[in-house]
Each structure stands twice: as structure tokens, then as C-alpha cells.
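Enquirer:
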Amino acid sequence: MSPFTLDLFADTEPEPPPKREQIGEQACVLRGFALPWLDSLLTALEEVLAVAPFRQMVTPGGFTMSVALSSCGALGWTTDRSGYKYTRNDPQTGQPWPKMPDVFFELAKAAAREAGFTDFVPDSCLINRYVPGAKMSLHQDKDEGSYAAPIVSVSLGLPATFLFGGFERSDKSQRVPLLHGDIVVWGGVDRLRYHGVLPIKDGHHPRLGEQRINFTFRKAG
Ligand code: SIN
Ligand code: FE2
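Each residue of the sequence shown is one higher than the one before, counting from 1 in the UniProt record's numbering.
(1) Where residue 74 and residue 45 are concerned, what is the direct C-alpha to C-alpha distance, given to the nearest angstrom?
(2) Rounding to the nearest angstrom, what Cα-Cα distance links residue 82 and residue 76 in this structure?
(3) Taking residue 30 and residue 151 to be in contact with their CB atoms under 8 Å, please state how far apart those CB atoms are, rounded to whole angstroms.
(4) Quick check: what's the CA-CA separation for residue 62 versus residue 70?
(5) Evaluate residue 204 with the Cβ neighbour count: other Cβ atoms within 10 Å of its Cβ, from every protein chain shown; 16 or more gives buried, anything less gives exposed.
(6) Is the stretch 155 to 162 in contact with the stretch 211 to 219, if contact means three or more CB pairs nearer than 8 Å?
(7) With C-beta atoms as the reference, is residue 26 less than 8 Å away from residue 171?
(8) Using a threshold of 7 Å, is the CB atom of residue 171 nearer than that to any non-hydrogen atom of the ligand FE2?
(9) Excluding the 5 residues preceding and the 5 following residue 19 in the sequence, name in chain order all residues of the same chain whose CB lies nearer than 8 Å to its CB.
(10) Return the chain-ordered list of same chain residues with a C-beta closer than 7 Å to the C-beta of residue 28, the five sequence neighbours on each side being excluded.
(11) Alpha helix (DSSP H) containing residue 114: first to last residue?
(12) Less than 8 Å separating the beta-carbons of residue 164 and residue 193?
(13) Assuming residue 286 is part of the alpha helix (DSSP H), what are its boundary residues?
(14) Can you check DSSP and say which residues form a bridge with residue 160?
(15) Taking the DSSP output, what are the residues bridged to residue 136?
(16) Should residue 216 be counted as a contact of the ligand FE2 given a C-beta to heavy atom distance under 7 Å?
(17) Rounded to whole angstroms, what is the Cα-Cα separation between residue 233 and residue 99?
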């Protein structure tokens, strides 16, 4: 092809969707960022779940969460009637939470860097499992020792609508569609924004079946 033909082609070619979408001053979605890591992520996930299986937890208010949870890393996030807290041991086994797999750690670091947060060192990965109908109400992530580090949130499997709100629960939320492989990162001035997930719609994902898996990486301690 002559350069002339190439130029013409470039003019008519549809724009590829942007890989990084800002949803706040220091918050963005990295489209498809986790996809190249998928096989190793899923193998590592199975190993974690063999030691710390998904379970449904109860909130301090007495409601059973529709999302099933597990954790890996030095600190795991838990909730029961006495409150929300990070623990060093899985309350179900009394054993330390499984080590954070290297591939989890490296993906979280790479995503944070891509979003402008260098030197993210997560010590906690909450693993959320949503079946159709499961949702997460608007909340802030504020059980961490410091808010200096960002939150890195990986979506796998069924699509979701992520709600990204303001600093008050009643503030209007943006609706952000999230697909398999997308990663949301929020930190800095956006670190304490309310967020949640609308009920997952029925569906079947070719790789993960009837579920959405979310990894939420944090520096908790
Ligand atoms: C969370 O806020 O812990 C989970 C968010 C998500 O599932 O995308
Ligand atoms: Fe959260």
C-alpha cells in the first residue's frame, strides 16, 4: 500500500475504544487490562479458594450479604455482627489467610502504576463472588489504616454496572459498565468516594459461567 492509501484508511477506520477512561480526577477504568493475565489469575484463584472458600457473611446490621467473600494476603476483610474488620486469620479455619499469589500482586501493582499510582504495595485482596441478583450497596472503603494508597478493583466474568458516587451516600452516582478484564482504580482525592454494584443480570460467561468475580486490592495495614 502507498502511504496515501494508508492515510485514507486511517481516516475511515473506527476509533478503538479508549483503554483508559477517567471517571474522576484520580479515578479511572483500565479496559481489558487483566485479560493477558487471565489464565494465571484463574489458576491462582483456585488455589486460594481451596484453602479459603467463598462464604456469605453477615453485616453488623444482621443482613446476610448477597455477595460471597474470601480473601488472600496478610489481611483479609471480614464482617459479622460485631462489625467490619481486617483479620490476619480466616475466622472459618483459624489459619492465616492464603498468601497473595504473585500474579495477583503484580497485576495490582501494574494497574495502579498505569493509573498514576506508583509503588502500590497491596497487603489485602478481597475476593467477591456475585451470582445473578447479587449486588453491593453504596459504601466507602474506610476500614484501612490509611487512605494514602488507591483501591484496585478487577472484574472477571459476567458484566456489571458499577456505581461511582460522591462523598455523601446521597450524591448522584455515575453508572460505569464493567466487563470481563476491566480494572477500576481510585485513589488520592477520589479515595473515599462511595461506590457499589447494581444487581448482576442473568447470563453465562464463556470462561466463568454464571458469576462475576471481583478482586479488590488494598493496602489495609
Ligand atoms: C467492593 O467495593 O468491594 C467491590 C466492588 C466490585 O465488586 O466491583
Ligand atoms: Fe468497596
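Glycine included, every Cβ here is placed at the ideal spot set by N, Cα and C.
Expert: Quick answer:
(1) 16 Å
(2) 16 Å
(3) Between residue 151 and residue 30 the Cβ distance is about 13 Å, and since that is not below 8 Å, they are no contact.
(4) 19 Å
(5) So residue 204 ends up on the exposed side.
(6) yes
(7) no
(8) no
(9) Taking C-beta separations shorter than 8 Å and ignoring five residues to either side along the sequence, the partners of residue 19 in its chain run 30, 31, 32 and 33, following chain order.
(10) Excluding sequence neighbours, residue 28 sits near 20, 21, 22, 115 and 185.
(11) Counting along the chain, the alpha helix (DSSP H) containing residue 114 begins and ends at 102 to 114.
(12) Result yes, Cβ atoms of residue 164 and residue 193 sit closer than 8 Å.
(13) Given that the chain is displayed from residue 1 to residue 221, the structure contains no residue 286 and the question cannot be resolved.
(14) Per DSSP, 178.
(15) 197
(16) yes
(17) No statement about residue 233 is possible, as the shown extent of the chain runs from 1 to 221 and does not include it.
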